[in-house]
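One structure is given here, and the rest of the page talks about it.
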Amino acid sequence: MRERTAPALSARQPGAVHSALSVLEAVAHLGAGVTAQRLSAELGLPRATTYRLLNLLVEDEFLVRTPDLAGFALGAKVAQLAAVAAPPVRLSSAARAVVDNARHRVRGGVHVVLFVDGRIVVIDADPDFPLSDHARLTREPGRFALGRLMLVDDPSAQGAAAEAARADLARWGATRQSGELAAVSGCLAVPLRDDAGRLAGALGFSGPRHRVDEPDTVLAALRPAADALAPLVV
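The numbering used here puts the first residue of the sequence shown at 28, with every later residue one more than the last.
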(Lines of atoms letter the chains of each structure in order from A and count residues from 1; the text may use other names and numbers.)
(Lines give C-alpha, C1' and ligand atoms only; values in the text may rest on other atoms or scores of the structure.)
Protein backbone atom coordinates (compact mmCIF):
# COMPACT_ATOMS: atom_id res chain seq x y z
CA MET A 1 0.00 0.00 0.00
CA ARG A 2 1.45 3.33 -1.08
CA GLU A 3 2.13 5.75 1.74
CA ARG A 4 0.33 9.08 1.46
CA THR A 5 2.57 12.08 1.03
CA ALA A 6 1.88 15.52 2.40
CA PRO A 7 0.78 18.03 -0.23
CA ALA A 8 3.53 20.32 -1.45
CA LEU A 9 3.42 23.85 -0.08
CA SER A 10 2.57 26.20 -2.94
CA ALA A 11 3.69 29.79 -3.20
CA ARG A 12 0.16 30.99 -2.52
CA GLN A 13 -0.37 29.06 0.72
CA PRO A 14 1.80 31.24 3.00
CA GLY A 15 -0.37 34.20 2.04
CA ALA A 16 -3.51 32.26 2.93
CA VAL A 17 -2.01 31.27 6.27
CA HIS A 18 -1.12 34.89 6.97
CA SER A 19 -4.66 35.99 6.08
CA ALA A 20 -6.16 33.34 8.37
CA LEU A 21 -3.94 34.46 11.25
CA SER A 22 -4.94 38.06 10.54
CA VAL A 23 -8.59 37.06 10.82
CA LEU A 24 -7.95 35.38 14.19
CA GLU A 25 -6.07 38.44 15.42
CA ALA A 26 -8.89 40.73 14.28
CA VAL A 27 -11.55 38.65 16.03
CA ALA A 28 -9.50 38.76 19.23
CA HIS A 29 -9.06 42.53 18.92
CA LEU A 30 -12.61 43.44 17.86
CA GLY A 31 -14.28 41.05 20.29
CA ALA A 32 -16.90 38.34 20.19
CA GLY A 33 -19.77 38.98 17.82
CA VAL A 34 -17.74 40.70 15.10
CA THR A 35 -19.34 40.12 11.71
CA ALA A 36 -17.81 38.89 8.48
CA GLN A 37 -18.59 42.23 6.87
CA ARG A 38 -16.72 44.11 9.61
CA LEU A 39 -13.73 41.77 9.32
CA SER A 40 -13.65 42.18 5.55
CA ALA A 41 -13.60 45.97 5.92
CA GLU A 42 -11.03 46.01 8.73
CA LEU A 43 -8.61 43.68 6.96
CA GLY A 44 -9.15 44.90 3.42
CA LEU A 45 -9.96 41.40 2.23
CA PRO A 46 -12.54 40.57 -0.44
CA ARG A 47 -15.77 39.46 1.16
CA ALA A 48 -15.66 36.05 -0.55
CA THR A 49 -12.14 35.46 0.79
CA THR A 50 -13.21 36.52 4.27
CA TYR A 51 -16.17 34.12 4.28
CA ARG A 52 -13.98 31.28 3.00
CA LEU A 53 -11.40 31.86 5.73
CA LEU A 54 -14.07 32.16 8.41
CA ASN A 55 -15.71 28.90 7.33
CA LEU A 56 -12.36 27.09 7.44
CA LEU A 57 -11.51 28.52 10.86
CA VAL A 58 -14.94 27.53 12.21
CA GLU A 59 -14.62 24.04 10.72
CA ASP A 60 -11.26 23.60 12.46
CA GLU A 61 -12.63 25.08 15.74
CA PHE A 62 -10.32 28.09 15.81
CA LEU A 63 -13.48 30.22 15.65
CA VAL A 64 -17.10 29.63 16.63
CA ARG A 65 -20.28 31.38 15.64
CA THR A 66 -21.84 33.42 18.42
CA PRO A 67 -25.09 32.04 19.86
CA ASP A 68 -27.20 34.39 17.70
CA LEU A 69 -25.28 33.19 14.59
CA ALA A 70 -24.66 36.81 13.56
CA GLY A 71 -20.95 36.98 14.35
CA PHE A 72 -17.84 35.10 15.37
CA ALA A 73 -15.75 34.50 18.49
CA LEU A 74 -12.53 32.69 19.31
CA GLY A 75 -13.02 28.93 19.50
CA ALA A 76 -11.86 25.84 21.33
CA LYS A 77 -8.51 25.49 19.54
CA VAL A 78 -7.53 29.03 20.50
CA ALA A 79 -8.59 28.35 24.08
CA GLN A 80 -6.43 25.21 24.11
CA LEU A 81 -3.42 27.14 22.84
CA ALA A 82 -4.01 29.86 25.42
CA ALA A 83 -4.24 27.26 28.17
CA VAL A 84 -0.84 25.88 27.18
CA ALA A 85 0.70 29.35 27.10
CA ALA A 86 -0.78 30.56 30.38
CA PRO A 87 -1.15 28.70 33.69
CA PRO A 88 -4.74 27.83 34.63
CA VAL A 89 -6.57 30.11 37.03
CA ARG A 90 -6.99 28.47 40.41
CA LEU A 91 -9.54 29.32 43.05
CA SER A 92 -8.27 30.92 46.22
CA SER A 93 -8.97 29.15 49.50
CA ALA A 94 -11.77 31.63 50.23
CA ALA A 95 -13.36 31.06 46.82
CA ARG A 96 -12.94 27.30 47.21
CA ALA A 97 -14.82 27.41 50.51
CA VAL A 98 -17.74 29.24 48.86
CA VAL A 99 -17.91 26.75 45.99
CA ASP A 100 -17.59 23.71 48.26
CA ASN A 101 -20.43 25.00 50.41
CA ALA A 102 -22.63 25.55 47.35
CA ARG A 103 -21.91 22.02 46.12
CA HIS A 104 -22.78 20.61 49.52
CA ARG A 105 -26.08 22.49 49.59
CA VAL A 106 -27.10 21.84 46.00
CA ARG A 107 -25.89 18.24 45.62
CA GLY A 108 -25.56 18.54 41.88
CA GLY A 109 -23.03 19.80 39.38
CA VAL A 110 -21.81 23.28 40.37
CA HIS A 111 -19.26 24.85 38.03
CA VAL A 112 -17.35 28.14 38.00
CA VAL A 113 -16.64 29.84 34.67
CA LEU A 114 -15.34 33.18 33.48
CA PHE A 115 -16.25 34.89 30.21
CA VAL A 116 -13.10 35.97 28.37
CA ASP A 117 -13.32 37.65 24.96
CA GLY A 118 -16.62 35.95 24.20
CA ARG A 119 -15.39 32.53 25.32
CA ILE A 120 -16.42 30.39 28.26
CA VAL A 121 -13.35 29.54 30.35
CA VAL A 122 -14.04 26.80 32.89
CA ILE A 123 -12.21 27.69 36.09
CA ASP A 124 -13.52 24.90 38.30
CA ALA A 125 -15.73 22.05 37.10
CA ASP A 126 -17.49 19.90 39.67
CA PRO A 127 -15.40 16.73 40.08
CA ASP A 128 -18.33 14.66 41.33
CA PHE A 129 -20.82 15.83 38.67
CA PRO A 130 -18.65 16.72 35.64
CA LEU A 131 -19.73 18.86 32.72
CA SER A 132 -21.61 16.67 30.26
CA ASP A 133 -19.72 17.86 27.18
CA HIS A 134 -16.94 20.38 27.75
CA ALA A 135 -15.95 20.44 24.07
CA ARG A 136 -19.50 21.14 22.94
CA LEU A 137 -19.85 23.89 25.53
CA THR A 138 -16.89 25.61 23.90
CA ARG A 139 -18.05 24.88 20.35
CA GLU A 140 -21.79 25.59 20.77
CA PRO A 141 -22.18 27.80 23.86
CA GLY A 142 -25.72 28.81 22.96
CA ARG A 143 -26.92 25.26 23.62
CA PHE A 144 -26.13 25.68 27.33
CA ALA A 145 -27.35 28.04 30.05
CA LEU A 146 -23.82 29.42 30.42
CA GLY A 147 -23.70 30.47 26.77
CA ARG A 148 -27.19 31.92 26.94
CA LEU A 149 -26.07 34.14 29.78
CA MET A 150 -23.38 35.56 27.48
CA LEU A 151 -26.04 36.02 24.81
CA VAL A 152 -28.26 38.03 27.16
CA ASP A 153 -25.34 40.34 27.89
CA ASP A 154 -25.12 41.29 24.21
CA PRO A 155 -27.72 44.05 23.63
CA SER A 156 -27.63 43.44 19.87
CA ALA A 157 -28.61 39.76 20.21
CA GLN A 158 -32.01 39.09 18.69
CA GLY A 159 -34.26 36.10 18.13
CA ALA A 160 -36.28 33.61 20.14
CA ALA A 161 -33.30 32.22 22.06
CA ALA A 162 -32.18 35.66 23.20
CA GLU A 163 -35.70 36.67 24.23
CA ALA A 164 -36.26 33.44 26.17
CA ALA A 165 -32.94 33.87 27.95
CA ARG A 166 -33.78 37.48 28.85
CA ALA A 167 -37.16 36.37 30.19
CA ASP A 168 -35.52 33.70 32.35
CA LEU A 169 -32.96 36.18 33.66
CA ALA A 170 -35.66 38.71 34.50
CA ARG A 171 -37.79 36.11 36.29
CA TRP A 172 -35.20 33.90 37.96
CA GLY A 173 -31.99 35.89 37.95
CA ALA A 174 -30.52 33.02 35.92
CA THR A 175 -30.61 31.53 32.43
CA ARG A 176 -31.80 27.98 31.79
CA GLN A 177 -31.63 25.07 29.39
CA SER A 178 -34.10 22.28 30.08
CA GLY A 179 -34.27 18.93 28.32
CA GLU A 180 -32.82 20.15 25.02
CA LEU A 181 -29.58 18.15 24.99
CA ALA A 182 -30.82 15.25 27.14
CA ALA A 183 -34.48 14.74 27.96
CA VAL A 184 -33.93 14.20 31.69
CA SER A 185 -31.39 16.91 32.44
CA GLY A 186 -30.81 20.65 32.22
CA CYS A 187 -28.65 23.48 33.46
CA LEU A 188 -28.75 26.94 35.05
CA ALA A 189 -26.33 29.87 35.04
CA VAL A 190 -26.23 32.63 37.67
CA PRO A 191 -24.19 35.76 36.80
CA LEU A 192 -20.88 36.67 38.39
CA ARG A 193 -20.42 40.44 38.06
CA ASP A 194 -17.46 42.71 38.66
CA ASP A 195 -17.44 45.85 40.82
CA ALA A 196 -18.94 47.88 37.98
CA GLY A 197 -21.79 45.41 37.50
CA ARG A 198 -20.42 44.00 34.25
CA LEU A 199 -20.95 40.32 33.50
CA ALA A 200 -17.64 38.53 34.07
CA GLY A 201 -18.60 34.89 34.52
CA ALA A 202 -21.14 32.52 35.99
CA LEU A 203 -21.85 29.96 38.63
CA GLY A 204 -23.47 27.11 36.78
CA PHE A 205 -25.61 24.15 37.80
CA SER A 206 -26.21 20.93 35.87
CA GLY A 207 -28.58 18.25 37.05
CA PRO A 208 -32.03 16.69 36.76
CA ARG A 209 -34.49 18.53 34.54
CA HIS A 210 -37.13 18.98 37.23
CA ARG A 211 -34.67 21.02 39.31
CA VAL A 212 -34.21 23.36 36.34
CA ASP A 213 -37.91 23.59 35.50
CA GLU A 214 -38.63 24.52 39.14
CA PRO A 215 -35.33 26.16 40.10
CA ASP A 216 -36.22 27.94 43.34
CA THR A 217 -34.43 25.47 45.63
CA VAL A 218 -31.25 25.39 43.56
CA LEU A 219 -31.21 29.16 43.10
CA ALA A 220 -31.69 29.74 46.82
CA ALA A 221 -28.22 28.23 47.21
CA LEU A 222 -26.59 29.55 44.03
CA ARG A 223 -27.56 33.23 44.23
CA PRO A 224 -25.87 33.97 47.58
CA ALA A 225 -22.93 31.81 46.54
CA ALA A 226 -22.52 33.84 43.35
CA ASP A 227 -22.68 37.10 45.33
CA ALA A 228 -19.97 35.85 47.69
CA LEU A 229 -17.84 34.34 44.92
CA ALA A 230 -17.81 37.24 42.46
CA PRO A 231 -15.40 39.55 44.35
CA LEU A 232 -13.06 36.59 44.88
CA VAL A 233 -12.70 35.58 41.22
CA VAL A 234 -13.41 38.64 39.01
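Ideal Cβ positions, reconstructed from N, Cα and C, are used throughout, including at glycine. Model, not experiment: these values are computed from the prediction.
Can you pull the DSSP bridge partners for T244?
Position 217 of the sequence shown, counted from the first residue, corresponds to residue 244. According to DSSP, which records beta bridges pairwise, T244 is partnered with nothing at all.
Among residues of its own chain, excluding the 5 on either side of V116, which ones have a beta-carbon nearer than 6 angstroms to its beta-carbon?
Taking the first residue of the sequence shown as 1, we reach residue 116 at position 89. Within the same chain, V116 has close Cβ partners I150.
Can you list, in chain order, the residues of its chain with a C-beta nearer than 6 angstroms to that of R132? Leave out the 5 residues immediately preceding and following it.
Indexing the sequence shown from 1 puts residue 132 at position 105. Same-chain partners within the cutoff: A248.
How would you write the range of the beta strand (DSSP E) that A229 sits in, first residue to last?
The residue you call residue 229 lines up with position 202 of the sequence shown. Looking at the DSSP string, the run of the beta strand (DSSP E) that includes A229 is L226 to P235.
What would DSSP say about D151, mapped onto helix, strand or coil?
Against the sequence shown, residue 151 aligns to sequence position 124. Strand at D151.
With respect to the alpha helix (DSSP H) encompassing L101, which residues constitute its N-terminal and C-terminal limits?
For the purposes of this step, residue 101 is identified with residue 74 of the sequence shown, where counting begins at 1. That residue, L101, is in no alpha helix (DSSP H); its beta strand (DSSP E) goes F99 to L101.
So, using beta-carbon positions, are V260 and L48 closer together than 8 angstroms?
By one-based count along the sequence shown, residue 260 stands at place 233. By one-based count along the sequence shown, residue 48 stands at place 21. Not in contact: V260 and L48 (Cβ atoms no closer than 8 angstroms).
Just grab the DSSP bridge partners of G213 for me.
On the sequence shown, position 186 is the one that residue 213 refers to. Note: G213 sits in a beta bridge opposite S205 and G234.
Tell me the start and end of each unbroken alpha helix (DSSP H) in the region 153-181 that is at least 4 residues and wholly inside, in chain order.
Fully enclosed alpha helix (DSSP H) runs of 4 or longer: 161-166 and 172-179.
Can L178 and G231 be called in contact, C-beta distance under 8 angstroms?
In the sequence shown, the residue the question calls residue 178 occupies position 151. In the sequence shown, the residue the question calls residue 231 occupies position 204. No.
Between P258 and the rest of its own chain, which residues show a CB-CB distance below 8 angstroms, the 5 nearest in sequence each way excluded?
If you number the sequence shown from 1, residue 258 lands on position 231. Here the set comprises D222.
How about the region 202-214 and the region 139-146: do they share at least three Cβ pairs that are nearer than 8 angstroms?
Judged by Cβ distances under 8 angstroms, the region 202-214 makes no contact with the region 139-146, as fewer than three pairs qualify.
Check this for me: beta carbons of L219 and G213, under 8 angstroms apart or not?
Within the sequence shown, residue 219 is the residue found at index 192, counting from 1. Within the sequence shown, residue 213 is the residue found at index 186, counting from 1. Going by C-beta atoms, L219 is not nearer than 8 angstroms to G213.
Go through the region 57-145 residue by residue and report every complete run of the alpha helix (DSSP H) that reaches 4 residues or more, in order.
For the region 57-145, whole alpha helix (DSSP H) runs of length 4 or above, ordered along the chain, are 63-70, 74-86, 103-112 and 120-133.
Are the CB atoms of A122 and L256 nearer to each other than 8 angstroms?
In the sequence shown, counting from the first residue as 1, residue 122 sits at position 95. In the sequence shown, counting from the first residue as 1, residue 256 sits at position 229. Contact: yes.
Roughly how many whole angstroms lie between the Cα atoms of G169 and V125?
For the purposes of this step, residue 169 is taken as the residue at position 142 of the sequence shown. For the purposes of this step, residue 125 is taken as the residue at position 98 of the sequence shown. Taking the straight line joining both Cα atoms gives about 27 angstroms.
At the level of alpha carbons, what is the spacing between D240 and R134?
Against the sequence shown, residue 240 aligns to sequence position 213. Against the sequence shown, residue 134 aligns to sequence position 107. Each residue's alpha carbon lies about 17 angstroms from the other.
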